[in-house]
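J.: Numbering (the working numbering), first residue to last: 812 to 1030. Even glycine gets a Cβ: it sits at the ideal position worked out from N, Cα and C. Model, not experiment: these values are computed from the prediction.
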Amino acid sequence: MRPVASTFKPALRWNGLTQFYDLVMALTMQENRFRTLMLDPIRALTPRYVLDVGCGTGTQALLLHRLFPNANIFGLDGDEAVLELARQKHAVAGWPVTLEQGLSTALPYPDQTIDIVTCSLLLHHLSDADKKRSIREMFRVLTPGGSLALADWGKPTNGTMRVLFYGLQLFDGFDSTRANVQGLIPNMLYDNGFQQLDETGRVDTLFGTLRLYHALKPV
812 MRPVASTFKP ALRWNGLTQF YDLVMALTMQ ENRFRTLMLD PIRALTPRYV
862 LDVGCGTGTQ ALLLHRLFPN ANIFGLDGDE AVLELARQKH AVAGWPVTLE
912 QGLSTALPYP DQTIDIVTCS LLLHHLSDAD KKRSIREMFR VLTPGGSLAL
962 ADWGKPTNGT MRVLFYGLQL FDGFDSTRAN VQGLIPNMLY DNGFQQLDET
1012 GRVDTLFGTL RLYHALKPV
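Listed below in structure tokens is the structure:
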């Protein structure tokens, strides 16, 4: 959930606000609902290796461990401060999740080694060029037939959601969010190799419309 390109802003723009990230998510994002919808398409799978790109405070990585207790779960983020919060959370839970610092544009994993990649609320922090690089990297590390489950801001469902999203664009920047509001993320997934792309849900929030996608790497 954190931006992890060559340059990035903290999730709430300023480092001092990072400690409030989980609270903001819980209060404004219908977090339980969107994460449930996001993970629904992959629940029946039996992966060996699962990677959460832009893992932030580690909430989704913990859910992935609960869903796949026999898999090796990795969480990657570019922000060391937010990873420290994730490590504290995981230490309390006592679950064996590997948390690593790294870039979404240059994932530190070999080709075709990850069975499932998840990515939530990362791409809107990135330039269009880094969005595409990150998608190519997720495609590269996936095994043939592997799954990508992705959640990010998308085309608003109505006028109210569009107005709310203006507020987020003022906060996060218009350049990095333009492709999201125009509904271009699916095109980027297709253009960078993914197939059988489905929109698996949408959630209207206080900041706009989240759209959830599931896509496959061809066998």
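Which residues in the same chain as ASP1015 place their Cβ atom closer than 7 Å to its Cβ, once the five residues preceding and following it in sequence are excluded?
T.: In the sequence shown, counting from the first residue as 1, residue 1015 sits at position 204. If we look at ASP1015 and ignore the five residues flanking it on each side, its Cβ neighbours are THR968, MET972.
J.: If I follow the unbroken alpha helix (DSSP H) through ASN883, where does it start and stop?
T.: For the purposes of this step, residue 883 is identified with residue 72 of the sequence shown, where counting begins at 1. Taken as a continuous stretch (DSSP letters only), ASN883 belongs to no alpha helix (DSSP H), being part of the beta strand (DSSP E) at 883–888.
J.: In this structure, how does DSSP classify SER915 when only helix, strand and coil are distinguished?
T.: To locate residue 915, count along the sequence shown from 1; it is residue 104. Residue state, collapsed to three classes: coil.
J.: Measure how close the beta-carbons of ILE884 and VAL908 come, nearest whole angstrom, since I'm counting them as under 8 Å.
T.: Position 73 of the sequence shown holds residue 884. Position 97 of the sequence shown holds residue 908. Indeed they touch by this definition, with Cβ atoms about 5 Å apart.
J.: DSSP state of GLN1007, grouped into three classes?
T.: Counting from one through the sequence shown, the residue named residue 1007 turns up at place 196. Looking at GLN1007 - three-state DSSP - the assignment turns out to be strand.
J.: Buried or exposed: which applies to ALA837, given that a residue is buried once 16 or more other Cβ atoms fall within 10 Å of its Cβ?
T.: Walking along the sequence shown from the start, residue 837 turns up at place 26. Label assigned to ALA837: exposed.
J.: With 16 other CB atoms within 10 Å as the buried threshold, where does GLN912 fall?
T.: Residue 912 sits at position 101 when you count from the first residue of the sequence shown. Exposed, because fewer than 16 other Cβ atoms sit within 10 Å of the Cβ of GLN912.
J.: Report the option in GLY865, VAL1030, ASP986, ASP851 whose CA atom is closest to the CA atom of SER945.
T.: As a working mapping, residue 945 is identified with position 134 in the sequence shown. Per the Cα distances, GLY865.
J.: In or out: GLY965 buried (at least 16 other Cβ within 10 Å) or exposed?
T.: Here residue 965 refers to the residue found at position 154 when the sequence shown is read from its first residue. Buried, because 16 or more other Cβ atoms sit within 10 Å of the Cβ of GLY965.
J.: Quick one: what's ALA855 bridged to in DSSP?
T.: Working through the sequence shown from its first residue, we reach residue 855 at position 44. ALA855 pairs with nothing; no bridge assigned.
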